[in-house]
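**Student:** For the sequence shown, numbering that gives the first Met the number 0 assigns the number 0 to the initial residue and increments by one for each residue that follows.
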Amino acid sequence: MQIETWLAFVVASAIVVVIPGPNIVLTVTYGIRDGLRSGLATVPGQALGALLAMSASLAGAGAILAASVGLFTAMKVAGALYLLWLAYRLWTAPVDAIRTDDAAPSRPLGALFRQSTLISALNPKGPVFYMAFVPQFVDPSGDVLMQFAVLTATFTVVAAINGLGWLVLASSLREYLSGPFVLRLINRIGAACLGVAGLVALRASRSG
Numbered sequence: 000m001q002i003e004t005w006l007a008f009v010v011a012s013a014i015v016v017v018i019p020g021p022n023i024v025l026t027v028t029y030g031i032r033d034g035l036r037s038g039l040a041t042v043p044g045q046a047l048g049a050l051l052a053m054s055a056s057l058a059g060a061g062a063i064l065a066a067s068v069g070l071f072t073a074m075k076v077a078g079a080l081y082l083l084w085l086a087y088r089l090w091t092a093p094v095d096a097i098r099t100d101d102a103a104p105s106r107p108l109g110a111l112f113r114q115s116t117l118i119s120a121l122n123p124k125g126p127v128f129y130m131a132f133v134p135q136f137v138d139p140s141g142d143v144l145m146q147f148a149v150l151t152a153t154f155t156v157v158a159a160i161n162g163l164g165w166l167v168l169a170s171s172l173r174e175y176l177s178g179p180f181v182l183r184l185i186n187r188i189g190a191a192c193l194g195v196a197g198l199v200a201l202r203a204s205r206s207g
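1) In terms of residue numbering, what span does the alpha helix (DSSP H) encompassing residue 29 cover?
2) Run through DSSP, which three-state label would residue 141 get?
3) Let's see if you can read the secondary structure: which residues bound the alpha helix (DSSP H) around residue 8?
4) For residue 167, count neighbouring C-beta atoms within 10 Å of its own C-beta (all shown protein chains included) and say buried if the count is 16 or more, exposed if not.
5) Helix, strand or coil: which one does DSSP assign to residue 163?
6) By how many angstroms is the C-alpha of residue 87 removed from the C-alpha of residue 3?
7) To the nearest angstrom, report how far apart residue 148 and residue 169 are at their CA atoms.
8) Indicate whether residue 151 and residue 83 have their beta-carbon atoms separated by less than 8 Å.
9) What separation, rounded to the nearest whole angstrom, lies between the Cα atoms of residue 80 and residue 171?
10) Would a C-beta distance cut-off of 8 Å place residue 17 and residue 122 closer than the cut-off?
11) Taking 7 Å as the limit between beta carbons, can you name the residues of its chain near residue 30, skipping five residues before and five after?
12) Report yes if the CB atom of residue 186 is closer than 8 Å to the CB atom of residue 89, and no otherwise.
13) Could you tell me if residue 93 is buried or exposed, where buried requires 16 or more neighbouring beta carbons within 10 angstroms of its beta carbon?
14) Buried or exposed: residue 212, going by 16 or more other Cβ atoms within 10 Å of its Cβ?
15) Output needed for residue 6: all residues of its chain with C-beta closer than 8 Å, excluding positions within five of it in sequence on either side, in chain order.
16) In this structure, how does DSSP classify residue 121 when only helix, strand and coil are distinguished?
17) What do you get for residue 175, buried or exposed, if any count of 16 or more other CB atoms within 10 angstroms of its CB means buried?
18) Measure the CB-CB distance between residue 114 and residue 44 and report whether it falls below 8 Å.
19) Return yes when the Cβ of residue 12 is within less than 8 Å of the Cβ of residue 126, no when it is not.
20) Is the CB-CB distance between residue 189 and residue 119 below 8 Å?
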């Protein structure tokens, strides 16, 4: 793979991931509500979920899902229902004023990690998108498997950096968004975004 091709892939990946999706919504919400430490657990979850979905799609899952209505529908419904469940949990979550001292309680990092991983991995359009996006930067005359590995690792790193950037921005606003009313509004906005993402996922077509 030529360096020019790899750099073009980096730029294209950055453009793709900078648009906030449901996993970024989760990162931003917890970054504002619980601070950098709690929100940080969602970033590796995003990266792992993207890595799993991308690896599976490039191993053939994307082609299978694109050809099978049943398999695609099952994955679509599972991902959409999970997003809707998270939206409900976020909408109904109790809120208190943010505490910025060291004794401020934090949500379990493991739970945030699992949520973020599942949201990223179960995105119903992910496998089909990866199957259409990545091969455009692969030279079929070279070592295809190695190129897939490099591009997958690159995309994962770009996605993680993007998530970290959103997290730092969100956590830096905590001191200005500390009241229960504002936090409840943040919850509702985040829940609405997750809910819309879930509904859109249910309407996703096999063609993406």
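Even for Gly, the Cβ is constructed at its ideal location relative to N, Cα and C.
Since the model is a prediction, treat every value here as computed from it, not as a measurement.
**Tutor:** A quick look at the data gives this:
1) For this step, residue 29 is matched to residue 30 along the sequence shown. Where residue 29 is concerned, the enclosing alpha helix (DSSP H) stretches over 21-39.
2) Along the sequence shown, read from residue 1 onward, the residue named residue 141 stands at position 142. Residue 141: coil per DSSP, three-state reduction.
3) Taking the first residue of the sequence shown as position 1, residue 8 is located at position 9. Note, residue 8: alpha helix (DSSP H), 2-17.
4) Within the sequence shown, the letter at position 168 stands for residue 167. Classification of residue 167: exposed, given that the 10 Å Cβ count is below 16.
5) The residue given as residue 163 occupies position 164 in the sequence shown. Residue 163 carries a helical assignment under DSSP once its states are collapsed to helix, strand and coil.
6) Residue numbering aside, residue 3 sits at position 4 when the sequence shown is read from its first letter. Residue numbering aside, residue 87 sits at position 88 when the sequence shown is read from its first letter. Straight-line measurement puts the Cα of residue 87 at about 45 Å from the Cα of residue 3.
7) As a first step, residue 148 must be located in the sequence shown, where it is residue number 149. As a first step, residue 169 must be located in the sequence shown, where it is residue number 170. Their backbone Cα atoms lie some 32 Å apart in a straight line.
8) On the sequence shown, residue 151 is found 152 positions in, with the first residue counted as 1. On the sequence shown, residue 83 is found 84 positions in, with the first residue counted as 1. Cβ distance not < 8 Å, so residue 151 and residue 83 don't count as in contact.
9) Stepping through the sequence shown from its first residue, residue 80 is reached at position 81. Stepping through the sequence shown from its first residue, residue 171 is reached at position 172. Looking at the two C-alpha atoms, the distance is approximately 31 Å.
10) By one-based count along the sequence shown, residue 17 stands at place 18. By one-based count along the sequence shown, residue 122 stands at place 123. Against a cut-off of 8 Å, the Cβ pair of residue 122 and residue 17 comes out as no contact.
11) Position 31 of the sequence shown, counted from the start, is the residue given in the question as residue 30. Within the same chain, residue 30 has close Cβ partners 38, 166, 169 and 170.
12) To locate residue 186, count along the sequence shown from 1; it is residue 187. To locate residue 89, count along the sequence shown from 1; it is residue 90. Yes, these two residues count as a Cβ contact at 8 Å.
13) Here residue 93 refers to the residue found at position 94 of the sequence shown. Per the 10 Å Cβ criterion, exposed.
14) Residue 212 cannot be examined here, being either before or after the span of the chain that is shown, 0 to 207.
15) In the sequence shown, the residue the question calls residue 6 occupies position 7. Within the same chain, no Cβ atom closer than 8 Å to the Cβ of residue 6 is found once the five residues on either side in sequence are excluded.
16) Within the sequence shown, the letter at position 122 stands for residue 121. If DSSP states are grouped into helix, strand and coil, residue 121 belongs with coil.
17) For the purposes of this step, residue 175 is taken as the residue at position 176 of the sequence shown. Around the beta carbon of residue 175, fewer than 16 other beta carbons lie within 10 angstroms, which makes this residue exposed.
18) The count along the sequence shown starts at 1 and reaches residue 114 at position 115. The count along the sequence shown starts at 1 and reaches residue 44 at position 45. Taking 8 Å as the cut-off, the beta carbon of residue 114 is found closer than this to the beta carbon of residue 44.
19) Residue numbering aside, residue 126 sits at position 127 when the sequence shown is read from its first letter. Residue numbering aside, residue 12 sits at position 13 when the sequence shown is read from its first letter. No, the Cβ-Cβ distance between residue 126 and residue 12 is not below 8 Å.
20) Within the sequence shown, numbered from 1, the residue matching residue 189 stands at position 190. Within the sequence shown, numbered from 1, the residue matching residue 119 stands at position 120. Not in contact: residue 189 and residue 119 (Cβ atoms no closer than 8 Å).
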